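Everything below concerns the one structure shown next.
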Amino acid sequence: MRGLCVFLLACVLPLSLASPGRQDPFLWLSALRGRGYVEGSLLADTTGGECPAECDCPPSFPIAMYCDGRGLTAMPNVPSRMKYLYLQHNEISAIPDSALANATNLVWVMMHHNALSTDKIGKRVFAKLQGLERLYLQHNNLTRVPPNLPSSLRDLRLNNNNINKITPAALDGMENLTILYLHDNALTDMGTSLRGLNSLTLLDVSGNKLKKVPDSLPERLHQLYLESNAISALPEGFLSKFSQLQYVRMAHNQLTDNGIPPNTFNVSGLVELDLSFNQLERIPPVSQTLEHLYLQANHIKEFTLGSFCDVVDVMNFSKLRTLRLEGNEISIGDVPSESALCLRLANTIDV
């Protein structure tokens, strides 16, 4: 009788308990059920075509296709249901017009760190992607901006290519674009290519060969990065029209005192200004609202307190917190004692 009870008990116990050391092969399924998954959600979605064998299309996120870092040399077939396409870190050199013909619902296309060349990108390959918001093509071999980009784009990254020219038509109609990365290319002049980018808040064109500030900068800019170019002078009223601009970086250029019009940087709203590694001999006047100023590695010969404070009293003083002046022709002994009142919020002053 006791033997019969033991046999019946073993029949009703889970397999993992009845046989110590053996794992229930369906334990993963029980765990997923406990998190709210049902069997149907674990099946592959083949809407619009099968997932390519070289990629992953998770059943729990059937609108995403992960093909990154697979050693691919050609575009895989993309099912029409896909909205998020990850193809970065491969060796893909071409995108024919037919590659994305069925996947017109794509929202993100990630193709950075490939071997794409401009001549091997179809002229209409992106034109039908009317909902595309993010296009990452950095670290490729592009010499031009791909043609016929959709106006829906919000984030376009073309940095670390070989782009040497941008025509006015290249970014035409892109009124929704908020982020544009073009740094580390070979641009010498941008012409009026930025005209019409009314939503742009971040522009990075550092690491190019620009000799002047780009024309027609969008007025809603929040961050402007121009470092590591060959800019020697700034236009009159350079920053006066930007009501939302907070970060300006112009390190590693050829700026001189004569190339900066009076009060260029004395504009409210600016939070960070980087003018390091230029050829300045004086500290330019800046707004009392500025918080971080970088002037290291110039030829500054005098600490001019008036560049920070016109009047010093209880209510009037600089909001500057960081001031870097090392690598110039002044020392800590050149800092006047009155600086303690004017720069009373400064946590760091490096001379």
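Take the sequence shown: its letters are residues -18 to -1, 1 to 333, numbered as in mature numbering (1 follows the signal peptide of the UniProt record, and there is no 0). Quick reminder that beta carbons are idealized off the backbone N, C-alpha and C, glycines included. Predicted, not measured: the structure shown is a model, and the values here were computed from it.
- Taking the CA atoms as reference points, Val293 sits about 52 Å from Leu114.
- Cβ neighbours of Pro150 within its own chain (closer than 8 Å, five residues either side excluded): Gly173, Thr174, Ser175, Arg177.
- Around the beta-carbon of Asp295, fewer than 16 other beta-carbon atoms lie within 10 Å, marking it exposed.
- Nearest to Ser250 by C-alpha distance, out of Asp256, Asn240, Ile242, Tyr229, is Tyr229.
- Of the residues assessed, Gly189 falls on the buried side of the cut-off, its CB having 16 or more other CB atoms within 10 angstroms.
- In chain order, Leu287, Val294 place their CB closer than 8 Å to the CB of Glu320, counting only its own chain and leaving out the 5 sequence neighbours on each side.
- For Asn123, the secondary structure class from DSSP, reduced to helix, strand or coil, is strand.
- Distance from the CA of Arg52 to the CA of Leu67, rounded to the nearest whole angstrom, comes to 14 Å.
- Here Asn122 has Asn96, Leu98, Asn143 as same chain residues with Cβ atoms under 6 Å from its own Cβ, once five neighbours each way along the sequence are excluded.
- In its chain, beyond the 5 residues on either side, Leu272, Glu273, Leu275, Phe290, Leu325, Leu327, Ala328 have a beta carbon closer than 7 Å to the beta carbon of Leu302.
- A distance below 6 Å between beta-carbons, with the five flanking residues on each side excluded, links Pro266 to the following residues of its chain, in chain order: Ile242, Phe247.
- Annotation: the region 231 to 303 contains the following complete segments of the beta strand (DSSP E) (minimum length 3 residues), in chain order: 254 to 256, 274 to 276.
- As the crow flies, the alpha-carbon of Asp154 is around 16 Å from that of Arg139.
- The beta carbon of Leu131 sits closer than 6 Å to the beta carbons of Phe108 from its chain, once the five residues preceding and following it are set aside; these are given in chain order.
- Counting along the chain, no alpha helix (DSSP H) covers Leu185; the unbroken beta strand (DSSP E) around it starts and ends at 184 to 186.
- Asp171 carries a coil assignment under DSSP once its states are collapsed to helix, strand and coil.
- Closest in alpha carbon position to Ser214, among Leu206, Val195, Ser222, Leu162, is Val195.
- The three-state secondary structure of Ala46, taken from DSSP, is strand.
- Look at Leu323 here: in three-state DSSP terms it is helix.
- Per DSSP, the beta bridge partners of Arg306 are Tyr276, Asp332.
- Closest option to Leu227, judged by alpha-carbon separation, among Ala56, Thr238, Leu199: Leu199.
- Note that the C-beta distance between Ile331 and Leu305 is below 8 Å.
- Within the same chain, Cβ atoms closer than 8 Å to the Cβ of Glu36 are found at Cys49, Arg52, Leu54, Pro58, the five residues on either side in sequence being excluded.
- For Asn167, same chain residues with a beta-carbon under 6 Å away, outside a window of 5 residues either side, are Asn143, Ile145, Asn190 in chain order.
- In the three-state reduction of the DSSP assignment, Ile103 falls in the strand class.
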